[in-house]
Amino acid sequence: MREFKPLPSQPAPKDTVGLIPWVKDNLFSSIGNSLTTLIIIGLLVSLLPPLIDWLFLSANWSGTKQADCTKEGACWVFVSAWSKQFFFGSYPTEEIWRIFICLISLIAVIAASYLLPKDSRNKLGIPAFLILPFIWIIILDGSLIELEHVATDYWGGFALNVLMAAASIIIAFPLSFLWALGRRSDMPFMKSVCVILIEFFRGVPVLALFFMGSVMLPLFFPEGTNVDKLLRVWIVLTLFMAGYMAEVFRGGFQAVPKGQYEAADSLGLGYWQKTLLIILPQVIKVSMPNILATFVMLFKNTTFLLIIGIFEMLSTTQTALTNSNWLGGHSTEGYLFVALVFWICCFSMSMISSSIERKLDTSHKN
118 MREFKPLPSQ PAPKDTVGLI PWVKDNLFSS IGNSLTTLII IGLLVSLLPP LIDWLFLSAN
178 WSGTKQADCT KEGACWVFVS AWSKQFFFGS YPTEEIWRIF ICLISLIAVI AASYLLPKDS
238 RNKLGIPAFL ILPFIWIIIL DGSLIELEHV ATDYWGGFAL NVLMAAASII IAFPLSFLWA
298 LGRRSDMPFM KSVCVILIEF FRGVPVLALF FMGSVMLPLF FPEGTNVDKL LRVWIVLTLF
358 MAGYMAEVFR GGFQAVPKGQ YEAADSLGLG YWQKTLLIIL PQVIKVSMPN ILATFVMLFK
418 NTTFLLIIGI FEMLSTTQTA LTNSNWLGGH STEGYLFVAL VFWICCFSMS MISSSIERKL
478 DTSHKN
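Mapping to the numbering used here: the sequence shown position 48 is 165, numbers consecutive.
As structure tokens, this is what we get:
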């Protein structure tokens, strides 16, 4: 009997692969799709050339003042002249190196979570993350380490958006985990407290929370106690983030099969051993897409700080537009620049989240 030998795979037909078949299948597969494609192409042809000309070809690129914007295109001189304030606020120029140290430390800790072995990552990475916000406060303030004191009134710009979001996420992460555990607890009092906290901070708009933190929170402190406005806002933003993250964690807990709890109990593990060693890793894996989406949401919500007079990037842009030396109507350039910076950061975060999801994916695919 002859041995069976499979024939080699044949290439796909030429009329099903390549650019032209793709265009036919995706852009001109029906009359409706063809009309939609032609309309979009027509709009792009009519809008893109003048837009490119205004943005790049006829734009003003060099100079330092309003008078240097002599062409009819975009005045990117405005963005260049205010770039320091956009990124660092009113922080003293000679002390900006402190902000760079804080940003580099954040990047280094994130990179270490990727590069270090798992055991080292758990022993070093998690504690480093938790103490990072307090190190930033000490460095930026400067008074505790014998550097020039810089009041929080001078902190601002895009660096404040990044550091405020990162600090809130870092502190809210373990807090939200505890709230989620409390909501699932069998103890009535603990469960009631956690439910109230979660539903309050999830149900109240973040702008209302900012006003409460700025105006009402000082009323709960002893008389004569003066708590910095930025610290109050950080507390509110952290609690807001914790409320959303707690629900994400609760969904993750419910997604873990009941057999995992029973298997951990059969091994004789205590409550915290079972939760931290067996259940939590699975919860994080299941909840990772929602966790990272919540991070992006919080980062964008830092722009609401302008409502209570904190000069983050968007607020600084609005201040620059009202400056008497730049009354040439540069709002389009300013807001486009802010939108581009935030889009780059949010898109990068989404790419990182996709990478993390692929790294945590243990499914076996053919």
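Even for Gly, the Cβ is constructed at its ideal location relative to N, Cα and C.
Kindly list the residues whose CB is nearer than 7 angstroms to the CB of residue i, restricted to its own chain and excluding five residues on each side of it in sequence; keep chain order.
| i | result |
| --- | --- |
| residue 250 | 284, 287 and 288 |
| residue 193 | 176, 177, 178 and 450 |
| residue 282 | 415, 416 and 419 |
| residue 477 | 402 and 405 |
Between the Cα of residue i and the Cα atoms of the options, which residue gives the shortest distance?
| i | options | result |
| --- | --- | --- |
| residue 354 | 138, 420 and 469 | 420 |
| residue 244 | 334, 448, 173 and 291 | 291 |
| residue 466 | 416, 434 and 220 | 416 |
| residue 403 | 367, 150 and 387 | 367 |
| residue 433 | 208, 155, 163 and 299 | 208 |
| residue 413 | 429, 377 and 468 | 468 |
| residue 212 | 260, 228, 312 and 185 | 260 |
| residue 348 | 268, 312, 448 and 196 | 268 |
| residue 362 | 305, 311, 153 and 446 | 311 |
Secondary structure at residue i, three-state DSSP: helix, strand or coil?
| i | result |
| --- | --- |
| residue 311 | helix |
| residue 211 | helix |
| residue 219 | helix |
| residue 343 | coil |
| residue 186 | coil |
| residue 265 | coil |
| residue 120 | coil |
| residue 442 | coil |
| residue 483 | Residue placement at residue 483 is flagged as unreliable, the pLDDT there being 45, under the threshold of 50; the coordinate-derived value follows with that caveat. Residue 483 falls in the coil class under three-state DSSP. |
Residue i to residue j, Cα distance in whole Å?
| i | j | result |
| --- | --- | --- |
| residue 454 | residue 233 | 36 angstroms |
| residue 324 | residue 273 | 19 angstroms |
| residue 424 | residue 350 | 12 angstroms |
| residue 387 | residue 394 | 10 angstroms |
| residue 437 | residue 256 | 27 angstroms |
| residue 322 | residue 142 | 45 angstroms |
| residue 400 | residue 163 | 50 angstroms |
| residue 335 | residue 315 | 22 angstroms |
| residue 149 | residue 159 | 15 angstroms |
| residue 378 | residue 296 | 19 angstroms |
| residue 225 | residue 277 | 18 angstroms |
| residue 429 | residue 473 | 29 angstroms |
| residue 439 | residue 457 | 21 angstroms |
On the criterion of 16 or more Cβ atoms from any shown chain inside 10 Å, does residue i qualify as buried, or is it exposed?
| i | result |
| --- | --- |
| residue 418 | buried |
| residue 202 | buried |
| residue 460 | exposed |
| residue 309 | exposed |
Going along the chain, which residues of its own chain have a beta-carbon closer than 6 angstroms to the beta-carbon of residue i, five neighbours each way excluded?
| i | result |
| --- | --- |
| residue 483 | Any reading at residue 483 needs caution, since the residue's pLDDT is 45, under 50, leaving its predicted position unreliable; the model's value is listed next. Once the five neighbours on either side are set aside, residue 483 has no close Cβ partner at all. |
| residue 409 | 470 |
| residue 271 | 207 and 208 |
Looking only at its chain, what residues have a beta carbon closer than 8 angstroms to the beta carbon of residue i, apart from the 5 residues adjacent to it on each side?
| i | result |
| --- | --- |
| residue 182 | 194, 198 and 442 |
| residue 170 | 190 |
| residue 265 | 209, 212 and 259 |
| residue 358 | 285, 286, 289, 293, 411 and 415 |
Counting only beta-carbon separations shorter than 9 angstroms, does residue i have a partner in chain D?
| i | result |
| --- | --- |
| residue 300 | The structure shown contains no chain D; it is built from a single protein chain. |
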